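**Q**
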Amino acid sequence: MPSRSVDQVVVDVKGVFFVAVLVSIAIQCFASLSPYSGENKPPMFGDYEAQRHWMKITINLPIDEWYVHSNSNDLMYWGLDYPPLTAYHSWMLAHGARIINRTWVELEKSRGIESLDLKFFMRCTVLFSDMFLFLLPSILYVLSKPSLKSMKEKILYYLLITLYPGYILVDFVHFQYNCVSLGLFMWATVMFENDLDIFASFFFVCALCYKQMELYHAPAIF
2 MPSRSVDQVV VDVKGVFFVA VLVSIAIQCF ASLSPYSGEN KPPMFGDYEA QRHWMKITIN
62 LPIDEWYVHS NSNDLMYWGL DYPPLTAYHS WMLAHGARII NRTWVELEKS RGIESLDLKF
122 FMRCTVLFSD MFLFLLPSIL YVLSKPSLKS MKEKILYYLL ITLYPGYILV DFVHFQYNCV
182 SLGLFMWATV MFENDLDIFA SFFFVCALCY KQMELYHAPA IF
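In structure tokens, the structure reads:
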């Protein structure tokens with residue numbers, strides 16, 4: 002029986018890793034089909050509405066009013082309580098929402114909107130944010146980590162990172178964007194692994210400016 006070439010083995014190994022990535026994405030998509038916390042429960046409608054509300058606020062009001070209580074920005078109704086990078090992320094997503102359907106982010110009329118097409122859009126924003134800001138650095142991290150010798154170890158490590166139940170439940174069921182701050186932290190980790198300390202510092206500061214809970218990672222960084 003002819004032996005396989007090194008190139009064939011490499012292709013097979015890469016294929017297995019690619020399947021692992023697809024599995025993690027598929028599980029996230031499946032989790033996204035679940036009802037989110039607060040669905041059809043006025044007056045607050047859960048964190049899903051909080052994220053949509055922040056999109057509405059950031060695209061309709063000037064920057065200096067994002068964190069200020071006013072008739073147009075009732076801070077008692079999901080007032081922005083995360084650092085500025087969260088607000089800018091909401092602002093970017095809001096532009097996409099406005100292009101597709103302006104009613105999703107209307108300042109006065111959209112409170113509590115839960116249409117099926119909006120739910121699909123919102124779930125997609127989490128999935129795409131996760132793919133580019135969390136899954137990608139997770140892949141780079143396990144592939145570049147010297148202590149992970151075999152591809153089997155790398156795949157298992159990758160799945161342990163990306164399929165952590167708490168992360169899946171909070172982002173893809175409950176509805177949040179922890180994938181952004183965690184992803185920025187992962188980018189910082191990748192940079193540290195490759196002795197790119199300045200870039201690592203930049204990414205960690207970005208993570209901290211997205212969500213103050215990244216302070217939990219600060220002792221390991223500093």
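Just so we're aligned, residue 2 is where the sequence shown starts under the working numbering, counting upward by one. Positions of the beta carbon are idealized from the N, C-alpha and C atoms, including for glycine. Predicted model only: the values in this text are computed from it and were never measured.
Looking at C-alpha atoms only, which residue of Leu197, Gly184, Phe200, Phe133 is the closest neighbour of Glu215?
**A** Residue mapping note: residue 215 aligns to position 214 of the sequence shown, counting from 1. When only C-alpha atoms are compared, the closest one is Gly184.
**Q** Would you call the segment 197 to 209 in contact with the segment 149 to 158, where contact means no fewer than 3 C-beta pairs closer than 8 Å?
**A** The segment 197 to 209, when compared against the segment 149 to 158, does not touch it at the 8 Å Cβ threshold.
**Q** Please report how far the alpha carbon of Val206 lies from the alpha carbon of Gly39, in whole angstroms.
**A** The residue you call residue 206 lines up with position 205 of the sequence shown. The residue you call residue 39 lines up with position 38 of the sequence shown. Computed Cα separation, rounded: 32 Å.
**Q** Does the beta carbon of Val17 come closer than 8 Å to any beta carbon on chain D?
**A** The chain labelled as chain D is not found in the depicted structure, where only one protein chain is given.
**Q** Ignoring anything shorter than 4 residues, give me the alpha helix (DSSP H) runs that lie fully in the segment 29 to 98, in order along the chain.
**A** Runs of the alpha helix (DSSP H) inside the segment 29 to 98: 47 to 61.
**Q** Within the segment 132 to 195, note down every full alpha helix (DSSP H) run reaching 4 residues or more, in order along the chain.
**A** Taking only runs of at least 4 residues, the alpha helix (DSSP H) segments lying wholly in the segment 132 to 195 are 137 to 145, 152 to 163, 166 to 169, 179 to 194.
**Q** Using 8 Å as the threshold, is the C-beta distance between Val22 and Leu136 below it?
**A** Numbered from its first residue, the sequence shown carries residue 22 at position 21. Numbered from its first residue, the sequence shown carries residue 136 at position 135. Contact: yes.
**Q** Considering just the uninterrupted stretch of the alpha helix (DSSP H) at Phe200, what are its terminal residues?
**A** Here residue 200 corresponds to residue number 199 of the sequence shown, with the count starting at 1. Run containing Phe200: 198 to 211, per the alpha helix (DSSP H) assignment.
**Q** List the endpoints of the continuous alpha helix (DSSP H) containing Ile114.
**A** For this step, residue 114 is matched to residue 113 along the sequence shown. Element bounds for Ile114: n/a, residue is neither H nor E.
**Q** Grab me the residues of Val12's own chain with a C-beta within less than 7 Å of its C-beta, minus the 5 sequence neighbours each way, in chain order.
**A** Numbered from its first residue, the sequence shown carries residue 12 at position 11. With a pLDDT of 43 at Val12, under the threshold of 50, the modelled position of this residue cannot be trusted; read the value that follows with caution. Excluding residues within five positions, none has a Cβ falling inside 7 Å.
**Q** Measure the beta-carbon distance from Phe173 to Ala208 and round it to whole angstroms, keeping in mind my assumption that it falls under 8 Å.
**A** Stepping through the sequence shown from its first residue, residue 173 is reached at position 172. Stepping through the sequence shown from its first residue, residue 208 is reached at position 207. Not confirmed; about 20 Å, so no contact.
**Q** Suppose the cutoff is 7 Å on Cβ atoms and the five residues either side in sequence are ignored; what does the same chain contact list for Lys42 look like?
**A** Numbered from 1 along the sequence shown, position 41 holds the residue referred to as residue 42. None.
**Q** Going by CA-CA distance only, name the one from Cys180, Cys210, Val143, Glu107 that's closest to Met192.
**A** As a position in the sequence shown, residue 192 is number 191, starting the count at 1. Per the Cα distances, Val143.
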